Amino acid sequence: MPDLPLTKRRLAVPKNAALAPVPLRGALVDAELAARHQAFLAAATSDNTRRTYRSAIRHFQAWGGTLPADESTVIRYLMAYADSLNARTLALRLTALSQWHVYQGFADPASTPTVRKTLAGIARLHGKPKKKARALPLEDLELIVARLAALGTNKALRDSALLQLGFFGAFRRSELVGLRLEDIRWEPQGLVITLPRSKTDQLGEGIVKAIPFGDGICCPATALRAWLGVAGIAAGPLLRTVNQWGHVGGKGLHASSINTILEGCARLAGLDYVPELSSHSLRRGMATSAHRAGADFQAIKRQGGWRHDGTVHGYIEEAGRFEENAAGSLLKGKKKAAG
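Every position in the sequence shown, counted from 1, becomes a number in this note's numbering once 1 is added.
The structure is reproduced here in C-alpha cells:
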C-alpha cells in the first residue's frame, strides 16, 4: 500500500478496462453504429495484449492505486516495486496505465518526464540482463526426433510433429497451437502453412510459410503425416491433447503446454540444459542453425516472421560467437605456427 492517503474514488474496472474506449458522442448516437465502433476499437488490440493490460491494471489497484491516477501516485507505485519487479515489467505496467487513461479520455500520468526518468533510474540501479531461452541446435533436435521415433506412441508422434513444425517453421507458441488442418496445403516440395493472424500480422492479412521435405532425420512434413495418420483429424486443431492411454482428444493444445512438452522430450534425449529451454528455443534454434548452414539473412527473417533486423542480427551473432571470432583467428594462427 502507498504511504500517503489515497483520497480519489476507486473506479470499478470492467472486464475490458485495460483498453476500454471512450463511448461515441455527438452525431454518432445510433446504438448499432456505436456498438460496431466499439467492436472495431476493441479489435485494434490483440487479446493477449488486452489480457496483459488488464492484469497490470488489477495489480495497480491491488496495491492501492486509484483510477484515474496522478503522477505522484504512479511514482509511489514504481518505488514500491523497484526492488521486487524488474524494470521491463514496470515499463509494461506503465504502458497499461497510460493506455487506460488515454482511452478513457484522462490526462496520462504514466508518461510524464518525471515518471519516465524515475523508471530509467530504477533500470539503471536494479536492472538485470534479460533471461533468454537457449537456442535448440539442429543436432539436438535430431537426437530428440530419433528418440521419439523409437517410442512410436501416439504422443511421441504428436510431439515429433510439434517440435519439428515449431523449429523449421519458426513458429511462436501461440501460432503453433493455433494451427488448424485447414491452414495446411500439401505441395510436391513440402508443406505450405498459412497463418490467418500472427503477432506481426495483427491486421489479419495472413502469413505464408513454406517447409520443404527433408532427406535426413528431421522432416516436418513426414512427421505431420505420421501424426495425422493416427490422430484421425478431419478438421480443426492440428496439434491436440493425447491422454495416458494414447487417445487423441478433440481439443487443441494450450500454449503453455509447449514448454512442458519440449522439456520432457529434451530430458528423454538426455540433453543437459533442459532448465534453459522454452518454446522460444525452437525459433532461436532455427535462426542460429540456419545461419551456420549458410542461409541468407532475409530468408531467416522471412521464415521467422521477424519485423526487426536487429532481432535476427542478435541470433546470427549468437550463432557465430566462435566461428566469427577475432580472438579465435589469433589462437588458431598460433596453433598452426607451433605445429
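Each residue gets a CB set at the ideal place from its N, CA and C atoms; glycine is no exception. The structure presented is a predicted model; accordingly, all values stated were derived computationally and were not measured.
Check whether the Cβ atoms of residue i and residue j sit closer than 9 Å, and answer yes or no.
i, j, result
"N155", "H248", "yes"
"R159", "W228", "yes"
"P134", "E318", "In the sequence as displayed, the identity of residue 134 is Ala instead of Pro. It is not a contact, given that the beta carbons lie outside the stated cut-off."
"A81", "W64", "yes"
"A108", "L95", "no"
"L225", "V209", "no"
"L164", "I234", "no"
"G271", "L144", "yes"
"A83", "I123", "yes"
"L283", "F172", "yes"
"L93", "A150", "no"
"F298", "V275", "no"
"Y316", "A157", "no"
"V146", "I218", "yes"
What are the partner residues of residue i, as DSSP defines its beta bridges?
i, result
"V193", "R186 and A211"
"V249", "V243"
"R181", "P238"
Taking 6 Å as the limit between beta carbons, can you name the residues of its chain near residue i, skipping five residues before and five after?
i, result
"A320", "T289, H292 and R293"
"R174", "A256, I259 and S280"
"G311", "none"
"M2", "Bear in mind that a pLDDT of 36 at M2, under 50, signals an unreliable position, so the number given afterwards is only what the model happens to contain. Excluding residues within five positions, the ones whose Cβ falls inside 6 Å are G65."
Answer yes or no: does any C-beta atom of chain B fall closer than 9 Å to that of residue i?
i, result
"A44", "Checking the listed chains, one finds no chain B in this structure; it contains a single protein chain."
Given 8 Å as the limit, tell me if residue i has its C-beta closer than that to any heavy atom belonging to the ligand ZN.
i, result
"E33", "Of the ligands one can find in the structure shown there are none, so the ligand ZN has no counterpart to examine."
Leaving out five residues before and five after residue i in sequence, what residues of the same chain have Cβ atoms less than 7 Å from its Cβ?
i, result
"R186", "V193"
"G329", "F323"
"E325", "none"
"R268", "V275"
Could you tell me if residue i is buried or exposed, where buried requires 16 or more neighbouring beta carbons within 10 angstroms of its beta carbon?
i, result
"R285", "buried"
"R89", "exposed"
"L152", "exposed"
"S161", "buried"
"F61", "buried"
"L91", "buried"
"P114", "exposed"
"F327", "Reading off the sequence, residue 327 comes out as Ala, not Phe. A327 should be labelled exposed."
"H40", "According to the sequence displayed, residue 40 carries Ala and not His. Label assigned to A40: exposed."
Report all residues from its chain with a CB closer than 8 Å to the CB of residue i; omit the five preceding and five following residues, and keep chain order.
i, result
"V116", "E72, V75, I76, L79, L95 and P110"
"G361", "It is not possible to answer for residue 361, since the shown part of the chain is limited to 2 through 340."
"D184", "I194, T195, L196, P197 and L239"
Original post:
Any contact of the stretch 255-265 with the stretch 111-131, i.e. 3+ C-beta pairs under 8 Å?
Top reply: no
Subject >> Inter-stretch contact (C-beta, 8 Å, three-pair minimum) for the stretch 152-168 and the stretch 297-307 >> reply: no
Original post:
Quick one: any contact between the stretch 183-198 and the stretch 138-152, if contact means 3 or more CB pairs under 8 Å?
Top reply: no
Original post:
Counting Cβ pairs closer than 8 Å, one from the stretch 228-240 and one from the stretch 178-185, do we hit at least three?
Top reply: yes
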